[in-house]
Amino acid sequence: MPLITLRQLLDHAADQGYGVPAFNINNMEQGLAILRAAEACRAPVILQASRGARSYAGDVMLRHMVQALAEMFPRIPIVLHQDHGNNDATCLSAIRHGFTSVMMDGSLLEDMKTPASYAYNARITARVTRAAHAVGASVEGELGVLGSLETGEAAAEDGSGAEGRLDHSQLLTDPDQAVEFVQATQCDALAIACGTSHGAYKFTRQPDGEILSMDTIAAIHAKLPDTHLVMHGSSSVPQALQDLINAHGGHMPQTWGVPLAEIERGIRMGVRKVNIDTDCRMAMTAQFRRVAQEQPGEFDPRKFLIPAMAELEALCRDRLDRFGAAGQAERISPISLDDMARRYASGALAPRIAAARAA
Ligand SMILES: O=C(CO)COP(=O)(O)O
Ligand SMILES: O=C[C@H](O)COP(=O)(O)O
Ligand SMILES: [Zn+2]
Ligand SMILES: [Zn+2]
Numbered sequence: 001m002p003l004i005t006l007r008q009l010l011d012h013a014a015d016q017g018y019g020v021p022a023f024n025i026n027n028m029e030q031g032l033a034i035l036r037a038a039e040a041c042r043a044p045v046i047l048q049a050s051r052g053a054r055s056y057a058g059d060v061m062l063r064h065m066v067q068a069l070a071e072m073f074p075r076i077p078i079v080l081h082q083d084h085g086n087n088d089a090t091c092l093s094a095i096r097h098g099f100t101s102v103m104m105d106g107s108l109l110e111d112m113k114t115p116a117s118y119a120y121n122a123r124i125t126a127r128v129t130r131a132a133h134a135v136g137a138s139v140e141g142e143l144g145v146l147g148s149l150e151t152g153e154a155a156a157e158d159g160s161g162a163e164g165r166l167d168h169s170q171l172l173t174d175p176d177q178a179v180e181f182v183q184a185t186q187c188d189a190l191a192i193a194c195g196t197s198h199g200a201y202k203f204t205r206q207p208d209g210e211i212l213s214m215d216t217i218a219a220i221h222a223k224l225p226d227t228h229l230v231m232h233g234s235s236s237v238p239q240a241l242q243d244l245i246n247a248h249g250g251h252m253p254q255t256w257g258v259p260l261a262e263i264e265r266g267i268r269m270g271v272r273k274v275n276i277d278t279d280c281r282m283a284m285t286a287q288f289r290r291v292a293q294e295q296p297g298e299f300d301p302r303k304f305l306i307p308a309m310a311e312l313e314a315l316c317r318d319r320l321d322r323f324g325a326a327g328q329a330e331r332i333s334p335i336s337l338d339d340m341a342r343r344y345a346s347g348a349l350a351p352r353i354a355a356a357r358a359a
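With my numbering applied, the sequence shown corresponds to residues 1 to 359, in that order.
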């Protein structure tokens, strides 16, 4: 089937009460593993490419790769989403290359390091949303800066993250401002900050409410019950993968990610898109290390990539299952971008925030 939009998928997920993992993709092996998982559990899926992925693989390669996946897995609804777009050009060029959805991350300036003002964020997100909706594509905005409530820092290892120390007011999305932001920008989905951060080193202990603020999500959902919320930095950093990496020559200091039970709780509170990259990286790397150590004479890359794909497929299957996306694929028939554009133009897809105003 043709690629579908994020908005169509998340409206369905909200209606049926499930969440959708958004897996980052850079190459064919990740694409095959993710789609094999989706096919096995009959789930829709979001593939997202960062700016780093676009320069690693190239826009033409990514476009054709995802088209090939859609052709190979015709029963699976696929969204192709730009992860952390930093300006209009990144988002609009993604749409030109066949992405059906973009994230305009105006919580940081274009350098993706400097926290931006609310006014800047609202202005650029509204502008990108107008342009994207004119051609039927969806937009995810972000309010609040991702970073650790333990240290006040964003993970430096990753392509997108604030530099310097942040205070609690920056690290936790303000629910009232979230209402204002959705109204001002008309975005389709809202990424929120609640103490998660990108990369493997999110928490120095099993997180509790002090350092992973699920209450923030509950408060935003209470004010914006119809807005699709997005959790970034949602890898669980499984102990088994840390152990597998470390047992085969790796050196990852002990760390904790976002417990799956907390993500499941988030899904019950309006979280519809759950961003996972680090876990996918760890799954493949663990198998690369295992094969390299157990078979030091091996030099065929496929002998590394085949078990790496199997490990990633198992991880993706687990997430699609646990978030409730399994079995949903056949319930979705694609709405074209042109039709989505008409629906936006008619006002039918405008954010519903009356309940928030009344509160
Ligand atoms: O949020 C992400 C991509 O936008 C990925 O987060 P992780 O680093 O936790 O996988
Ligand atoms: O935004 C976070 C993702 O993990 C993408 O990372 P990347 O920029 O290294 O591809
Ligand atoms: Zn951000
Ligand atoms: Zn992210």
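Ideal placement from N, C-alpha and C gives every residue a C-beta, glycine not left out.
Residue i in three-state terms, based on DSSP
i: GLU313; result: helix
i: HIS198; result: coil
i: LYS273; result: strand
i: ASN26; result: coil
i: MET61; result: helix
i: VAL128; result: helix
i: PRO115; result: strand
i: HIS168; result: helix
i: VAL182; result: helix
i: PRO238; result: coil
i: SER101; result: strand
i: PRO21; result: strand
i: PHE203; result: strand
i: LEU69; result: helix
i: LEU108; result: strand
Close Cβ partners of residue i (< 7 Å) along its chain, the five nearest in sequence each way excluded
i: ALA13; result: GLY19, VAL20 and ARG272
i: LEU32; result: MET309
i: ILE95; result: VAL102, ALA132, VAL135 and ALA137
i: ASP167; result: GLY152
i: ALA383; result: No answer is possible for residue 383: it lies beyond the span of the chain, which begins at 1 and ends at 359.
Under 8 Å between C-beta atoms of residue i and residue j
i: HIS221; j: MET252; result: no
i: CYS194; j: MET214; result: yes
i: GLY141; j: MET112; result: no
i: CYS280; j: ASN24; result: yes
i: ALA43; j: GLN328; result: yes
i: LEU108; j: ALA162; result: yes
i: CYS91; j: ASP321; result: no
i: THR196; j: LEU146; result: yes
i: HIS81; j: ILE46; result: yes
i: GLY211; j: LEU143; result: Here residue 211 is Ile; the residue named in the question, Gly, does not match the sequence. Not closer than 8 Å, so no.
i: ALA178; j: LEU10; result: no
i: GLY199; j: SER50; result: no
i: ILE245; j: MET282; result: yes
i: PRO351; j: THR204; result: no
i: THR114; j: THR185; result: no
i: ASP88; j: ARG130; result: no
i: PHE288; j: PHE304; result: yes
i: ALA278; j: VAL237; result: The sequence shown places Thr at residue 278, not Ala. Yes, Cβ-Cβ distance for THR278 and VAL237 is below 8 Å.
i: TRP256; j: LYS202; result: yes
i: VAL230; j: ALA286; result: no
Segment limits, beta strand (DSSP E) that includes residue i
i: ILE46; result: 45–49
i: GLY141; result: 138–143
i: HIS84; result: 78–85
Residues of its chain near residue i, where Cβ-Cβ distance is below 8 Å and the 5 sequence neighbours each way are ignored
i: LEU337; result: THR5, THR100, VAL135, GLY136 and ALA137
i: GLN295; result: LYS303
i: ALA154; result: VAL145, LEU146, GLY147, SER148, GLY161, ALA162, GLU163, LEU166, SER197 and HIS198
i: ARG265; result: MET214
The alpha helix (DSSP H) enclosing residue i, as first and last residue numbers
i: ALA189; result: Premise fails: ALA189 lies in the beta strand (DSSP E), 189–192, not in any alpha helix (DSSP H).
i: LEU337; result: 337–346
i: HIS221; result: 214–223
i: LEU260; result: 260–268
i: HIS228; result: That residue, HIS228, is in no alpha helix (DSSP H); its beta strand (DSSP E) goes 228–231.
i: SER93; result: 88–96
i: MET282; result: 278–294
i: ASP11; result: 6–16
Beta-carbon contacts of residue i that lie in its chain and below 6 Å, excluding the five residues immediately before and after
i: ARG63; result: HIS97 and GLY98
i: PRO2; result: PRO334
i: ASN275; result: ALA22, HIS232 and SER234
i: GLN8; result: ILE335
Ligand 6 heavy atom lying under 7 Å from the CB of residue i
i: HIS198; result: Within the structure as shown, ligand 6 is missing, the only ligands being ligand 1, ligand 2, ligand 3 and ligand 4.
*Three or more beta-carbon pairs under 8 Å between the stretch 298–313 and the stretch 49–68, yes or no?*
no
*Could you tell me whether the stretch 22–42 touches the stretch 70–82, where touching means 3 or more Cβ pairs closer than 8 Å?*
yes
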